[in-house]
Amino acid sequence: MSHFKCDNNSYNSWTPNKKWLSHFAKKTPICFKSYVFFCSKMTLIALNDMPETNTNFWKTSKRPLMMLAPMEDVTDTAFRELVLHNTVAGQLDIIFTEFTSTDGLCHHKGRDNVAQRLFVSETERNLLKEKGVKLVAQIWGNKPEKYYEAVKFIEANYHFDGLDINMGCPVRNVVSHGSCSALIDNESLAAEIIQATREASSLPLSVKTRIGLKRVDTERWMKFLFRQPVDGVILHGRIQKQMSEGEADWDEIAKASAIRDELAPDIPIIGNGDVLTIEDALLKPEKYHTDGVMIGRGIFQNPWMFQSSLSEIDIEKRLNTLLKHLQLYESAWAHIRPFPILKRFFKIYISGFRGAAELRKELMDSNSVEEARKVLLGTMN
Ligand SMILES: Cc1cc2nc3c(=O)[nH]c(=O)nc-3n(C[C@H](O)[C@H](O)[C@H](O)COP(=O)(O)O)c2cc1C
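In the numbering used here, the protein residues as written are 826 to 1206.
Below you can see the structure in the form of structure tokens.
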């Protein structure tokens, strides 16, 4: 059963029922509550000196909105910074963290490990400001009270521009626990989770989801979602069962957009799935009537896509970009994240020129950032 009282998506008429606040008060250890309180105070003091960035970016009139998708083990602070370096201001609007477990953030032992996913380096922070890009923390889980607690923790310790709830991840072990895309078939829990997140924070809130769980179910699910107190909906045109297979169905995204027009014309809808180039990213919103697009795997084909076409990227730039990525990864994650995670990026930068295959093989055989750097510098000299 949904707990919020809301007429037709108007936040002004929404009255929190404090259910999650009282749960937080009863169940949360006093030391964590004091920590959250202390951090809130410290953050407030720090934030007083910062320019106001917490405006609701979903309300902007800029169209189409261009987003880089959350991708686990890809969109960490190092890769986001790299993309921001290679972005012309105005070409990219919103980027996301990797999905972060609300259970993990509430666990006194697991928290440090899970919270790495929310790490934002100072240099990334500066670039976000310089390029006018917003950064959204993506969270997932299946317990509203954990959302409440985790979001309080995020607000107290970080400075994100928005929150996004993952209702789209198709991976079996999260779905079998009722999280992520399983919420598509559990409206009452989805509503409670949105409600709890809303009550914990005034940050702009979006939901990233799919067009169905086991079958295409766009109409029912969108009619539900566009009645929720959210600021934006990001819709991937596949069902959970498809994982990443087959083609994204943009006609279903257009159908969702028409439902939005009827029920909640003020809530932007962003289409996602198989957008590989900026040209396509500019065409899709017009053709399918969305407010923007989210690009995921397209960034693997051209990490410079928010600046220039791939044909303009010469060998020197490719090698230098990988060198930069190695440096950013090392300074963010030395001894924390394993080196092999980086190997998936080698193909992205090292392709499309004579000798690329041999160089890639050498890089794939390396066992550390230092070794990979030596291989690259050897090639460049
Ligand atoms: C390696 C990888 C990791 C992903 N991790 C996440 C994630 O953490 N959160 C999320 O909402 N979606 C995640 N996704 C899904 C993407 O955000 C996106 O919805 C999907 O790739 C479809 O868009 P595309 O066709 O543009 O790639 C991931 C996708 C990939 C390929």
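Just so it is clear, CB atoms sit at the ideal spot from N, CA and C, and this is done for glycine as well.
Same chain, Cβ closer than 6 Å to residue i, neighbours up to 5 away in sequence not counted
i	result
residue 1066	1039
residue 1138	1129
residue 1046	1009
residue 858	Interpretation of residue 858 is limited by its pLDDT of 47, a score under 50 that renders its predicted location unreliable; no figure is taken from the coordinates.
residue 1193	1164
residue 1135	1127
residue 1043	1036, 1077, 1080 and 1081
Unbroken alpha helix (DSSP H) run spanning residue i, endpoints
i	result
residue 1126	1123–1126
residue 1075	1075–1088
residue 1062	Unbroken run through residue 1062 is the beta strand (DSSP E), 1057–1064; no alpha helix (DSSP H).
residue 1189	1181–1189
Close Cβ partners of residue i (< 7 Å) along its chain, the five nearest in sequence each way excluded
i	result
residue 1201	1144, 1147 and 1148
residue 948	906
residue 891	916, 917, 918, 1106, 1117 and 1118
residue 952	906, 909 and 910
residue 1055	1019, 1030, 1031, 1032 and 1092
Short Cβ contact (7 Å threshold) for residue i with residue j
i	j	result
residue 900	residue 946	no
residue 962	residue 985	yes
residue 1115	residue 1096	yes
residue 1126	residue 1101	yes
residue 914	residue 1121	no
residue 938	residue 965	no
residue 1132	residue 912	yes
Continuous beta strand (DSSP E) stretch holding residue i: start and end
i	result
residue 963	959–965
residue 987	987–992
residue 892	890–893
residue 942	From DSSP, residue 942 is part of no beta strand (DSSP E); its letter is neither H nor E.
residue 1036	1030–1037
residue 1097	1094–1097
residue 935	Run containing residue 935: none; DSSP gives neither H nor E here.
residue 1119	1117–1120
residue 920	919–921
Nearest-angstrom Cβ-Cβ length linking residue i and residue j, presumed shorter than 8 Å
i	j	result
residue 976	residue 1016	Actually they do not touch by this definition, with Cβ atoms about 16 Å apart.
residue 1078	residue 1113	5 Å
residue 1199	residue 1185	Not really, about 15 Å apart at Cβ, beyond 8 Å.
residue 956	residue 987	So it is not a contact: roughly 16 Å between Cβ atoms.
residue 994	residue 924	6 Å
residue 1051	residue 1085	5 Å
residue 1094	residue 1041	Not really, about 17 Å apart at Cβ, beyond 8 Å.
Residue i CB to nearest heavy atom of ligand 2 below 6 Å
i	result
residue 910	Inclusion of ligand 2 in the displayed structure is not the case, the ligand content consisting of ligand 1 alone.
Close beta carbons around residue i, own chain, < 8 Å, minus the five adjacent residues each side
i	result
residue 1014	967, 969, 1003 and 1008
At least three beta-carbon pairs within less than 8 Å, the region 996–1005 to the region 970–983: no
Is the region 1063–1078 touching the region 1024–1038 in the sense that three or more CB pairs, one from each, lie closer than 8 Å? yes
How do the region 1067–1077 and the region 1022–1031 stand: do at least 3 beta-carbon pairs fall below 8 Å, yes or no? no
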